[in-house]
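Reviewing the structure listed below.
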Amino acid sequence: MKYTEKISNKLNELLTKNYDSEAGYKLASENVKNNTLKEYFNARAKERYDFGHQLKNEIKVYGETPDKETSLAGDAHRVWMNVKSTLSNDSEEAILEETIRGEKMAIEEYNNILEEPNLPPTTESILKVQRDHIKSALEEVKAFEIMA
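Counting from 1, one number per residue, gives the positions in the sequence shown under full-length UniProt numbering.
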């Protein structure tokens with residue numbers, strides 16, 4: 001497998017995770033009553049949408065085809081979030097906990113790709129900026145959890 005194909009495959013996995021995150025944030029927004037949380041989740045969904053476009057463009061630079069769908073695991077996670085929020089007495093807190101878990105996983109996934117040797121500077125820059133935004137989002141959602 002060519003190096004560009006290997007990197008594209010990893011970027012496609014990350015792209016799919018961003019699709020999953022975008023859809024998860026939209027679902028979270030629909031399942032909370034607090035307007036501040038709704039705005040937060042909608043902003044995160046838009047951010048992940050933008051991340052997806054950046055990753056798609058980077059994949060195309062490598063001459064590969066970007067994936068276009070969410071993952072089965074992400075679909076299952078959203079179903080679980082929906083069920084959990086429906087059954088939980090404190091659904092906003094449950095959603096915040098799931099968001100924190102998801103953001104921690106996303107940071108790990110970005111870090112794994114960033115450990116790739118010989119990563120082109122443009123790709124590395126995009127991934128670092130996106131990862132750092134996710135880190136900031138994680139801190140914000142932790143603050144919401146404390147207030148909940």
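Glycine included, C-beta positions come from ideal geometry on N, C-alpha and C.
Asked, Found
"In the structure shown, what three-state DSSP assignment does Thr65 receive?", "coil"
"In the DSSP assignment, find the unbroken alpha helix (DSSP H) run with Pro121 in it and report its ends.", "Pro121 to Met147"
"I want to see whether chain C comes within less than 9 Å of Glu97, judged by CB atoms only; does it?", "Looking at the structure shown, chain C is missing, and only one protein chain is on hand."
"Taking Cβ positions, are Glu103 and Leu138 nearer each other than 9 Å?", "yes"
"What is the DSSP secondary structure of Lys33, reduced to helix, strand or coil?", "coil"
"Nearest-angstrom Cα distance between Leu87 and Thr36?", "Any reading at Leu87 must be qualified, since the residue scores a pLDDT of 43, below 50, and its modelled position is unreliable; the value itself is stated next. Those two C-alpha atoms are separated by around 22 Å."
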